[in-house]
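**Student:** Take this structure, written in structure tokens, and hold onto it; I'll ask about it next.
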Amino acid sequence: SIINMSSIVGVQGNAGQANYSASKAAILGFTKSVAKELGSRNIRSNAIAPGFIETEMTAALDQKVVEGWREGIPLKRGGSPADVANACVFLGSDLSSYITGQTLSVCGGLLM
101 SIINMSSIVG
111 VQGNAGQANY
121 SASKAAILGF
131 TKSVAKELGS
141 RNIRSNAIAP
151 GFIETEMTAA
161 LDQKVVEGWR
171 EGIPLKRGGS
181 PADVANACVF
191 LGSDLSSYIT
201 GQTLSVCGGL
211 LM
């Protein structure tokens with residue numbers, strides 16, 4: 101199983117991040133192409149698109165900005181690196197054996 105890391109910015113775009121958005125969207129197209137090319141060999145290809153994940157890097161941001169982001173997320177919190185890791189474990193396991201060419205958003209519902 102191939103698991104590519106993208107971003108919700110690759111799905112929806114974001115002002116001021118055209119280059120980043122384009123690169124993450126390219127990963128999604130690549131994921132689908134690989135899924136179509138390698139599916140006959142029983143090789144799955146999926147992508148994960150994390151949203152706001154709380155890390156040491158985001159801890160350095162202005163807390164008012166962070167609170168504004170959290171308010172826009174239906175679950176009202178940022179994700180953790182473990183949330184992203186758990187999505188990777190799922191997509192790499194037999195629990196997802198009939199899933200290929202998909203993007204799993206780990207974003208607390210932000211993309212709804």
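All residue numbers for the sequence shown refer to our numbering, where the first residue is 101 and numbers rise by one. Every residue, glycine too, gets a C-beta built ideally from N, C-alpha and C. The structure presented is a predicted model; accordingly, all values stated were derived computationally and were not measured.
What's the C-alpha gap between Pro174 and Cys207?
**Tutor:** 9 angstroms
**Student:** Could you check what DSSP says for Ala135 in three-state terms: helix, strand or coil?
**Tutor:** helix
**Student:** Could you give the DSSP three-state label for Gly129: helix, strand or coil?
**Tutor:** helix
**Student:** So Lys124 and Gly201 are supposed to be a Cβ contact under 8 angstroms. How far apart are they, rounded?
**Tutor:** That belief does not hold up - the Cβ atoms of Lys124 and Gly201 are roughly 16 angstroms apart, past 8 angstroms.
**Student:** Identify the residues that DSSP records as bridge partners of Ile153: which are they?
**Tutor:** BP columns for Ile153 point to Gly179.
**Student:** Would Ser121 and Asn114 qualify as a contact pair, given that the criterion is a beta-carbon distance under 8 angstroms?
**Tutor:** yes
**Student:** What is the residue span of the alpha helix (DSSP H) that Ile222 lies within?
**Tutor:** Residue numbering for the chain in the displayed model covers 101 to 212; residue 222 lies beyond these limits and cannot be assessed.
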